Structures are given as C-alpha cells and as structure tokens.
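Visitor: Starting off with a structure, shown below.
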Amino acid sequence: MKRSRNKVVETTGNRERYTRQYSFSSMCECAYCGHKLTRRTRHSRSDYEKPVWQCMNATKNGIANCPNCKAVDEAILEGAFLDAFGLLAGNFDDVLDVVLSYVAESADSDENMRKKQQIDKDISSLESKKSRMTDMLIDGTISKEVYEEKMVDFTRKLHKLSERKALLEDSICTQKDINRRMSELRDTLEKEQVLDEFDRVVFESIIDRVIVGGYEEDGTPDPYKLTFVLKGNQTGTVPHAKEQFKEKAKKSNEEKRVS
5 MKRSRNKVVE TTGNRERYTR QYSFSSMCEC AYCGHKLTRR TRHSRSDYEK PVWQCMNATK
65 NGIANCPNCK AVDEAILEGA FLDAFGLLAG NFDDVLDVVL SYVAESADSD ENMRKKQQID
125 KDISSLESKK SRMTDMLIDG TISKEVYEEK MVDFTRKLHK LSERKALLED SICTQKDINR
185 RMSELRDTLE KEQVLDEFDR VVFESIIDRV IVGGYEEDGT PDPYKLTFVL KGNQTGTVPH
245 AKEQFKEKAK KSNEEKRVS
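Here's what the structure looks like:
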C-alpha cells in the first residue's frame, strides 16, 4: 500500500480539483473561527523549506482575529491522518461499511456517463447543422456573411462542448481508479493493516474535511487537535498531534541509531 508522498491524483473534472494543488487545499477548517487554512512555506534553520497550514483569518487579518490557532506542519497533518486511518482499521466493523459505501456510491454514479452521452449527441447535432449550412451556402440559400456568422457560433459551441467532454472523460477515468483503490483499501482494513505513507488518493476518497484545533475537556485550547471528518459523517480525532508527531520522530531516530 505504499504510495509516493508527492504523487498528485489525476484531475476529475470537478472545478474544485483544479484549485486544489495540494492534498489539504480547501480541506482544512479552523475550529475556532471557521475559516479555511492556507498553505505557507517556512524556512527552518537549514535551507530546508517546511510547508505549514494556518488559519486564513489569522494570516490575512492578524493573529488577534484568531488568537488560538497555530501553524500546523504539513507533515503533522499527514502523520495524523495515518493515525486516524489506523484507528479506522482497528475499528472497521463500526465505520468501514458506512465510509466505503458512501465512497462507492459516489464513485459508481453514472451521472457523468449520462452527461457525456448527451454532449456526444449535442456535438453530433452541431456538426450536422454545420454541414447543412455549407450545403445552403453552396445552393445560394444563404449569404456568405450569414454562413460565416453561423460558423463562428457553431465553432464556439463545439469548443465549449469539447472542453466539457474532456473533463467528464477525465472524471470517469478517475472514478474507475478510485474504485480500484477502494477495493485495495477494504482489503487493507479487513487485514487490519495500516498505511505506512501518506496516500493522497485514499485521503481524498474517504475524508470530507479536517477540523484543525479544538479544546480539551477543561476548556484549554488545543490548536493541534485534528478531527478528520469522513465521508458518511464518521469522525476520527487525533489530539495533541504535534506532540505525537515529535514522539514518533524521536522513536524513529532512536531505532535508526540502534540499527
């Protein structure tokens, strides 16, 4: 189930996908003010650039407008998703069918296929009209000016239809890929395995949004509390995600030194 961390999922024809350059674009929501999170790049002590996500309200209007939020490393978000996925795998009897049936229903929808078939009919109709207009020009039924005006209109409409058709074809292909990945995902969960690397396709297929931040039981803000809202309205929460990330990194470094 390994997948390259930087692999970008194919486009689906959904306009939102074209604006979602990164896995977490438009997916993260601030728990304190409700704004989306935006991606920024910070420079660490070395030349390494570290991508972080922070409340857009705080970055644009000042931290005073959302004082409890913190910038969250992208690596922390990815690691927390793996933790949440692990919880899902360990308790899949309660949530697996809900999540995967929701995803499968969306992926198996033949709406895009029906739209594509209608576009094919519209394109065929316009091509026939273009042919008739040419015959009418040759017969002298219409003037050259009228012919050229109509041809410009037909060409414009055909161009738009061709663009829509291309988007739908991309979407249909991607839905097939999601079906395949969901089948692999079900096998993984049923075997109670876990993902060992962040998988963007799995993330986008099962996660509806990520709520960043929250409060502890005593009311203390926990800006690194991450709640993954699954499609189907199930949730997986990872509190103190930054601390957990550091502990895992420390443990990993210790294991490397021992080996």
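Heads up, the sequence shown is in the numbering used here, so the first residue is 5 and it goes up one at a time. Quick reminder that beta carbons are idealized off the backbone N, C-alpha and C, glycines included. Note that the structure is predicted; figures quoted are calculated from it, not measured.
1. With DSSP run on the structure shown, which of helix, strand or coil describes Glu-33?
2. By Cβ distance below 7 Å, which residues in the same chain neighbour Lys-40 in space, the five residues on each side in sequence not counted?
3. Enumerate in chain order the residues of its own chain whose CB-to-CB distance from Ala-35 is below 7 Å, with the five nearest sequence positions on each side excluded.
4. Rounded to whole angstroms, what is the Cα-Cα separation between Ser-169 and Ile-127?
5. In terms of residues, what are the limits of the beta strand (DSSP E) holding Phe-232?
6. I believe Lys-74 touches Pro-227 by the beta-carbon criterion, under 8 Å. Please report the beta-carbon distance rounded to the nearest angstrom.
7. Flag this pair as yes or no: are the beta carbons of Thr-63 and Thr-45 separated by less than 8 Å?
8. For Arg-190, does the three-state DSSP call read helix, strand or coil?
9. Out of Thr-231, Val-206 and Glu-221, point me to the one whose CA is closest to Glu-188's CA.
10. Does the beta-carbon distance from Glu-78 to Trp-57 come in below 8 Å?
11. State the DSSP-derived secondary structure class of Arg-7, mapped to helix, strand or coil.
12. Just how far apart, CA to CA, sit Lys-148 and Ile-142?
13. Applying the criterion that 16 or more other CB atoms from any shown protein chain within 10 Å of the CB defines a buried residue, is Gln-121 buried or exposed?
14. Figure out for me which residue from Asp-114, Phe-89, Arg-213 and Ile-80 has the closest Cα to the Cα of Glu-251.
15. Can you tell me which of the three DSSP states Ile-146 falls into?
16. Consult DSSP for Asp-77 and reduce its assignment to one of helix, strand or coil.
17. Just curious, the alpha helix (DSSP H) that Lys-54 is in, first and last residue?
18. So the candidates are Tyr-26, Leu-130, Thr-145 and Asn-183; which of them puts its Cα closest to the Cα of Val-156?
19. When you compare the CB positions of Asn-116 and Ser-175, do they come within less than 8 Å of one another, or not?
Guide: In short:
1. strand
2. Ser-30, Cys-32, Glu-33 and Met-60
3. Ile-215, Val-216, Gly-217 and Gly-218
4. Checking the displayed sequence, the identity of residue 169 turns out to be Lys instead of Ser. Spanning the two alpha carbons is a distance of roughly 10 Å.
5. 230-234
6. 4 Å
7. no
8. helix
9. Val-206
10. yes
11. Interpretation of Arg-7 is limited by its pLDDT of 38, a score under 50 that renders its predicted location unreliable; no figure is taken from the coordinates.
12. 10 Å
13. exposed
14. Ile-80
15. coil
16. strand
17. Where Lys-54 is concerned, there is no enclosing alpha helix (DSSP H), although the beta strand (DSSP E) it sits in stretches over 53-59.
18. Leu-130
19. yes
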